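Inspection log for the structure reproduced underneath, given as structure tokens.
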Amino acid sequence: MTTNTEQPSAREHTLDRDCTTLSRHVLQQLQSFSSEARDLSAIVDRIALAAKLIYRRLSRAGLMAGTLGFTGEVNVQGESVKKMDVYANEVFISVFKQSGLVCRLASEEMEKPYYIPENCPLGRYTLLYDPIDGSSNVDINLNVGSIFSIRQQEGDDLDGEAKDLLQNGRQQIAAGYVLYGPSTMLVYSIGHGVHSFILDPSLGEFILSQENIKIPKHGPIYSTNEGNFWQWEESIRDYTRYVHRHEGYTARYSGALVGDIHRILMQGGVFLYPGTVKNPQGKLRLLYETAPLAFLLEQAGGRASTGTQNLLDVVPDKLHARTPLVIGSPENVTLVESFIQDRARRDVEDSVASPS
Ligand code: AHG
Ligand code: MN
Ligand code: MN
């Protein structure tokens, strides 16, 4: 007769997996039950609650009044605001009010950070977020995301200028995204690798799906809006011509950064949102989009660059600063950078050969 005393049964494995919730995972990662570890775990848990509320509304958006379309307003980014942007932005505020966890929330949808003074004596953190990333996809029932980043609050910020947030991306304590796709997935890092969780709607919990995700060193995908081809610098056009002329590349672009980058994280490749003639810094926001994703991809063995500088070294000059973005598998990112360096060298040589 065989007994199951040595090997846990398949059922126990399943149960253990179901019990690896997000908040438990954060504590395991930090290997501590210190108050700091418990705070971080509780913050991530609140982000998960925001994600569940957003998931719930997205899943019925086409059936509910007041969910699709624009509000008629323009945000601080100069972009038309969608109803889901407003809803999701407010969800994050609601879940962190009276939580004692974060002192301040900064979002791409708000000109200035939102302060929660009653939390400040306890919660010395700031949450930065893009409530709905890829919001043009909402009305057509395609994937969208939320992006988040946690930073330490420094000083009291009595003037409300949030100058302490103007620091490089290495100051992030944690970062991640939620992908609202066929399933709702949360991917995060607190500086100890990258881990993904899937929302099990029957439990109402995010359950561990993959630990220590590593991006392939090289991949076939290039993801960029080629409609901007004639707006780009010549170096980016050089790179694009290169991938057109070489076998082994395939284009994928959904119009929502989170989904496009998730594909690259899992399968390898590169995502580019370079500067254009009209917007030399590109479109994407450093504190809410590019720095959190750079932190995450670096933790997975990837790279993120502006094209000329490591993205995590960029210090923003204002809260809503933008940066060009080249992110993904290390070899793909390095190849894009080599086109930028080549073009810069040739420009110098040309100007030496024929000074104006
Ligand atoms: P958001 O919806 O937060 O404004 O972000 C949209 C971003 C990003 O998700 C996407 O990669 C990019 O904008 C798409 O821009 P284009 O339409 O210019 O390609
Ligand atoms: Mn976005
Ligand atoms: Mn957004």
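In case it helps, our numbering puts the sequence shown at residues 26 to 381.
Here a beta-carbon is modelled for each residue, glycine too, at the ideal position from N, C-alpha and C.
It should be emphasised that the depicted structure is a prediction, and the values quoted were computed from it without experimental measurement.
- Between V351 and S330, what straight-line distance do the alpha-carbon atoms span, to the nearest angstrom? 5 Å
- Item | Alpha carbon of V295 to alpha carbon of E143, nearest angstrom | 43 Å
- Message: Buried or exposed, going by whether 16 or more other CB atoms sit within 10 Å of the CB of D41?
- Response: exposed
- Message: Nearest by alpha-carbon distance to N357: which of A378, D342, R328, A369 is it?
- Response: R328
- Task: Figure out for me which residue from L312, F364, S379 has the closest Cα to the Cα of P138.
- Result: L312
- Message: Please determine whether the Cβ atom of E104 lies at a distance below 7 Å from any heavy atom of ligand 2.
- Response: no
- Item | G185 and G148 closer than 8 Å at C-beta | no
- Item | Under 8 Å between C-beta atoms of L3 and F231 | Since the displayed the chain opens at 26 and closes at 381, residue 3 lies outside it and no answer follows.
- Any non-hydrogen atom of ligand 3 closer than 7 Å to E133 Cβ: yes
- Task: Name, in chain order, the residues that DSSP records as bridge partners for M210.
- Result: L204, I223
- Query: What separation, rounded to the nearest whole angstrom, lies between the Cα atoms of T96 and V106?
  - Reply: 6 Å
- Query: From I175 to A187, what does the alpha carbon distance come to, in whole angstroms?
  - Reply: 14 Å
- Message: Taking contact to mean 3 or more Cβ pairs, one atom from each stretch, closer than 8 Å, check whether the stretch 196–204 and the stretch 163–174 are in contact.
- Response: yes
- Item | Nonlocal neighbours in the same chain, by C-beta distance under 6 Å from G180, ignoring five residues either side | D189
- Please say whether R310 and E133 have beta carbons closer to each other than 8 Å? yes
- Taking 7 Å as the cut-off, does the CB of D158 come closer than this to any heavy atom belonging to ligand 2? yes
- Query: In terms of residues, what are the limits of the alpha helix (DSSP H) holding Y384?
  - Reply: Residue numbering for the chain in the displayed model covers 26 to 381; residue 384 lies beyond these limits and cannot be assessed.
- Message: Would you say A35 lies against chain B (beta-carbon separation less than 8 Å)?
- Response: Note that chain B does not occur in the displayed structure, where there is just one protein chain.
- Query: Is there at least one non-hydrogen atom of ligand 3 closer than 7 Å to the beta-carbon of D155?
  - Reply: yes
- Message: Below 8 Å, how does it come out for the stretch 281–293 and the stretch 228–247: are there three or more Cβ pairs, yes or no?
- Response: yes
- Message: Only counting the same chain, and skipping five residues up and downstream in sequence, which positions put a Cβ closer than 6 Å to that of C145?
- Response: C128
- Task: Can you have a look at N237 and say buried or exposed, based on whether 16 or more other CB atoms are within 10 angstroms of its CB?
- Result: exposed
- Message: Could you check whether the Cβ of L282 sits closer than 7 Å to any heavy atom belonging to ligand 2?
- Response: yes
- Spatial neighbours of N193 in its chain, beta-carbon cut-off 7 Å, leaving aside the 5 residues before and after: L337, D338, V339, V340
- Would you mind stating whether M109 and I68 have Cβ atoms separated by less than 8 Å? no
- Query: In chain order, what residues of the same chain lie with their CB nearer than 6 Å to the CB of D155, ignoring the 5 residues before and after it?
  - Reply: E133, I172, Y313, E314
- Message: Taking its Cβ as the centre, do 16 or more other Cβ atoms sit within 10 Å of N162, making it buried, or is it exposed?
- Response: buried
- Message: Measuring alpha carbon to alpha carbon, tell me which residue in L318, L52, K343 is nearest S354.
- Response: L318
- Is A90 helix, strand or coil when you go by DSSP? coil
- Length of the line joining the Cα atoms of N29 and C44: With a pLDDT of 49 at N29, under the threshold of 50, the modelled position of that residue is not reliable, and the figure given next carries that caveat. If I take the Cα positions, the gap works out to 21 Å.
- Query: Per DSSP, what kind of secondary structure is N193 in: helix, strand or coil?
  - Reply: coil
- Query: Which residues does DSSP pair with F231 in a beta bridge?
  - Reply: L224
- Task: Go through its chain and collect everything with a Cβ distance to Y278's Cβ below 7 Å, but skip five positions before and after it.
- Result: S248, T249, N250, D285
- DSSP three-state assignment for T96, whether helix, strand or coil: strand
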